[in-house]
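Engineer: Take a look at this one; I'll ask things after.
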Amino acid sequence: MTVSVCPRVQPGLSVTLLITDSVLSGLQRMAKRSRKETARMEWLFSLTRMLMMAMVTSWFMSATADSLEARECSECHSNATCLEDGVVTTCSCLEGFTGNGLQCTDLDECATPGGHNCSANSSCVNTLGSYTCVCLDGFQLTPGLGCTDVDECKDPGLHQCHALATCVNLEGNYSCACSAGYLGDGHHCECTTESCGPELTCVNQGGAFECVDPCQTYSTLDQFWRSSEYGTGYSCDSNLNGWFRFVGHGGVRLAETCVPTLRCNTAAPMWLNGTHPSSDEGIVSRTACAHWSGNCCLWDAPVQVKACTGGYYVYHLSPAPECHLAYCTDPTSVEGTCEECGIDEDCKSDNGRWHCQCKQDNITDVTQLERRLQCGVTEIKVSLSKCQLRSLGFQKVFMYLRDSQCSGFNERGIQDWVSIVTPTREGPCGTVMTRNETHATYSNTLYLSDEIIIRDVNIKINFACSYPLDMKVSLQTSLQPVVSSLNISVGGTGMFTVRMALFQNPAYTQPFQGSSVTLSTDSFLYVGTILDGGDLSRFALVMTNCYATPSSNATDPIKYFMIQDRCPHTRDSTIQVVENGLSPQARFSVQMFRFAGNHDLVYLHCEVYLCDTLSEKCTPTCSGTRVRSGGSIDQSRVLNLGPITRQSVQAAVSGAASYNLGLLKVWLPLLLSATLSLMVQ
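Residue numbers (UniProt numbering): 1 to 681.
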């Protein structure tokens, strides 16, 4: 007989307990024995039953506790891993999840002590299976440093401080404080009467008080009856308050003298007790008086006045203290004509008419004169302040250079100048040029007088401009440079001049001078081309073909190319192209040579091209394997120089001449003696 005990452990699992017939028979025989033995056997039977039940219970608990084991991986949770070793299938929850593998739930690292490593000034945000660290407001993530403070004050887009406020950065935040003289919470600031300075005023602009120029913000009063010549009436300015400008036929400024009663269409006319300011005084305070009952200032009211650069006045008028009182204008005043006043001039009103007048200057010596020296490429200009000259007593200014034919002229811009110009060359206007190894300096003397004739010692001012030596300056400062020139016309952009010259040094600052050049074959020849005239910022000079011939004929079939199709001859290592197609100048160097055969002279020829940098690629692209096109050469764009003579040829000629001269010295007396003897016979 077999009994199966199958405790339900888990769906799909059971335990079977087998009890055999022999065990049951033994138990029955034991029951027939004596009572004592029977009691003993009952105790043993109970013990056996308890042990068997303990074994079953232990196995059951083991089977149910180890829930990581499964029969198939499909039983594992979607957020778990599965491990099969051939006997047991084990499920394990992924990192960031908790459970037995068959059931896995998200682990909240942010709520678990030590579950995250978010730094200070950041917050932990739980995500499915993980977490993320987010910097708090006012902080930003900096690699290697974590969340660091954001300086909101450095970027106007990060703070909301008012334009008239100061931003103060704080840890994770910022604060705003209105500037001195302004009121508000920092996010909104308003001016006060003390904060705007002498040129501006504090007015209500759209609900907020701001500093503005009253010359740009005013209302107009265009009433002809405000003229002090107009008769009586009942006008009263009790409602006027703000900045105003008087316009029209009645006059454009307040009267400066006491106006008779019953004028200006009112009973008691109001006039300005004081003078009008000049344009450099800013806003000034004055008093407006009202004439009545024989008292020119029976009532008064505060007034502010500003002279504007356009030749007019603006007034801050207060309400009339009584009625009937009104502000009166001067009928002789007219609209201003000071729009062209310079920065060194004030706009003045004289008998109602405006004019520009030099500001007062306290200079007492010519050495204090404001001078402006402009060292240009083609000319040098010296300018002196005309207003300062007048303050020194020069009513008329006569200015000239060493050559008196070069005289001064008036020049008006934002300031009034007396200027004089000399070309950047030695000779014209008496200009003198001196030169050292690095610079060329042009100097002259400016003479000043107040009259055409001079009795006292006239005033003179020495001036000079120094220019670093380059190709262009070197050619300008040389007496007879070996140079060739060519005019090239480019449609729509003007006429250009291209010059080619020979130089003695790699800095291209010492041009050969004279009518010829003599070099030995171990010397280097430095060739430079330069562009003048037109828009030099737009064009680059390109040497397309540079070659040598044994004759002056540029089309000579015997040619040795140093540059061909914009690129240097790669088989001649002595050829060095310094620049080509980069700027308005191009340069290269080559070691001197001679042509094979009976050729002792070398002539240089360069075909040039003006490259438009706006629409063309001007820099040549050259390589050692580049194939030369061998295209035709446009002779209309060719510059020619030469001849260049080998030094050894000159030495041979000189030696032969010396030898012949020696023979002549020996044989000439003998020939003369023989000739005389024949004549005597």
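We put the CB at the ideal spot given by N, CA and C, even for glycine.
Given this structure, state the Cα-to-Cα distance separating N169 from K154, to the nearest angstrom.
Structural biologist: Approximately 9 Å between the Cα atoms of the pair.
Engineer: Three or more beta-carbon pairs under 8 Å between the segment 536-551 and the segment 509-520, yes or no?
Structural biologist: Short answer: they don't touch.
Engineer: Could you say if the segment 591-607 and the segment 466-483 meet the contact criterion of at least three C-beta pairs nearer than 8 Å?
Structural biologist: No, because fewer than three Cβ pairs between the segment 591-607 and the segment 466-483 fall closer than 8 Å, the two stretches do not touch.
Engineer: What residue does the beta strand (DSSP E) around K381 start on, and which one ends it?
Structural biologist: Element bounds for K381: E379 to S385.
Engineer: Smallest Cα separation from L475: which of R425, N444, F524 and D450?
Structural biologist: Checked all of R425, N444, F524 and D450; the closest Cα to L475 is R425.
Engineer: Would you report the Cα separation of C567 and E607, rounded to the nearest angstrom?
Structural biologist: Spanning the two alpha carbons is a distance of roughly 13 Å.
Engineer: Please report the distance separating the alpha-carbon of A80 from that of C104.
Structural biologist: The alpha-carbon atoms of A80 and C104 are separated by roughly 7 Å.
Engineer: For P584, name the three-state secondary structure that DSSP assigns.
Structural biologist: The answer is coil: DSSP assigns P584 none of H, G, I, E or B.
Engineer: In this structure, how does DSSP classify M592 when only helix, strand and coil are distinguished?
Structural biologist: Three-state DSSP puts M592 in coil, outside helix and strand.
Engineer: Looking at N100: is its Cβ nearer than 8 Å to the Cβ of C110?
Structural biologist: No.
Engineer: Looking only at its own chain, which residues have a Cβ that is under 6 Å from the Cβ of T287, when we skip the five neighbours before and after it?
Structural biologist: Around T287: N273 and D300.
Engineer: Comparing C-alpha positions only, which one of D108, C91, G96 and L446 sits nearest to L102?
Structural biologist: Per the Cα distances, C91.
Engineer: When you compare only the Cα positions, how much space is there between S632 and D470?
Structural biologist: Their backbone Cα atoms lie some 33 Å apart in a straight line.
Engineer: In the DSSP output, which residue or residues are listed as bridge partners for P550?
Structural biologist: Answer is none; P550 lacks a bridge partner.
Engineer: Tell me whether K460 sits in a helix, a strand or coil according to DSSP, three-state version.
Structural biologist: Strand.
Engineer: Rounding to the nearest angstrom, what Cα-Cα distance links V305 and Q415 in this structure?
Structural biologist: In a straight line, the C-alpha of V305 is about 26 Å away from that of Q415.
Engineer: Could you give the residue range of the beta strand (DSSP E) that holds S449?
Structural biologist: Segment H439 to S449, the beta strand (DSSP E) holding S449.
Engineer: Give the DSSP bridge partners of M543, in chain order.
Structural biologist: According to DSSP, M543 bridges with V608.
Engineer: With 16 other CB atoms within 10 Å as the buried threshold, where does P269 fall?
Structural biologist: Buried, because 16 or more other Cβ atoms sit within 10 Å of the Cβ of P269.
Engineer: Could you give the distance in angstroms between the alpha-carbon of P468 and the alpha-carbon of C358?
Structural biologist: If I take the Cα positions, the gap works out to 39 Å.
Engineer: Report the residue ranges of all beta strand (DSSP E) runs contained in full by the UniProt domain "EGF-like" (149-190); include only those spanning at least 3 residues, in chain order.
Structural biologist: Correct list: 165-170 and 173-178.
Engineer: Which residue wins for smallest C-alpha separation from V366, given the options Q388, G114, C161 and D346?
Structural biologist: Out of Q388, G114, C161 and D346, Q388 has the C-alpha closest to the C-alpha of V366.
Engineer: According to DSSP, is M430 helix, strand or coil?
Structural biologist: Just to set this straight, residue 430 is Gly in the shown sequence, not Met. Note: G430 maps to helix in three-state DSSP.
Engineer: Who are the near neighbours of T549 in its chain, counting only those whose CB is closer than 7 Å to its CB and skipping five residues on each side?
Structural biologist: Contacts found: D556, I558, K559, Y603 and H605.
Engineer: Do T574 and Q591 count as a contact pair if the criterion is CB distance below 8 Å?
Structural biologist: Taking 8 Å as the Cβ cut-off, Q591 and T574 qualify as a contacting pair.
Engineer: What is the DSSP secondary structure of S485, counted as helix, strand or coil?
Structural biologist: Reduced to three states, the DSSP call for S485 is strand.
Engineer: Under 8 Å by Cβ, that's how I've got L136 and S122 pegged, so tell me the actual separation to the nearest angstrom.
Structural biologist: About 6 Å separates the two Cβ atoms, so the contact holds.
Engineer: I need the DSSP call for S474, collapsed to helix, strand or coil.
Structural biologist: Of the three classes helix, strand and coil, the one that applies to S474 here is helix, per DSSP.
Engineer: Under 8 Å, do E347 and G393 count as touching if we go by C-beta distance?
Structural biologist: A small correction: the amino acid at residue 347 is Cys; Glu does not occupy that position in the sequence shown. No, they are not a contact pair.
Engineer: Within the same chain, show all residues whose beta-carbon is closer than 8 Å to that of V432, passing over the 5 residues directly before and after it, in chain order.
Structural biologist: Excluding residues within five positions, the ones whose Cβ falls inside 8 Å are E426, Y442, S443 and N444.
Engineer: Taking C-alpha atoms, which residue in S74, I461, G181 and G581 lies nearest to F209?
Structural biologist: It is G181 whose Cα lies nearest to the Cα of F209.
Engineer: What did DSSP end up calling F224 once you bin it into helix, strand or coil?
Structural biologist: Note: F224 maps to helix in three-state DSSP.
Engineer: Pull up the CB-CB distance for T619 and L582, whole angstroms please, since I reckon it's below 8 Å.
Structural biologist: With a Cβ gap of about 6 Å, T619 and L582 count as contacting.
Engineer: How far does the beta strand (DSSP E) with L272 in it extend, from its first residue to its last?
Structural biologist: From DSSP, the beta strand (DSSP E) with L272 extends over A268 to N273.
Engineer: Does DSSP put Q304 in a helix, a strand or coil?
Structural biologist: Reduced to three states, the DSSP call for Q304 is strand.
Engineer: Quick one: complete alpha helix (DSSP H) runs, 4+ long, within the segment 493-542?
Structural biologist: Within the segment 493-542, no complete alpha helix (DSSP H) run reaches 4 residues.
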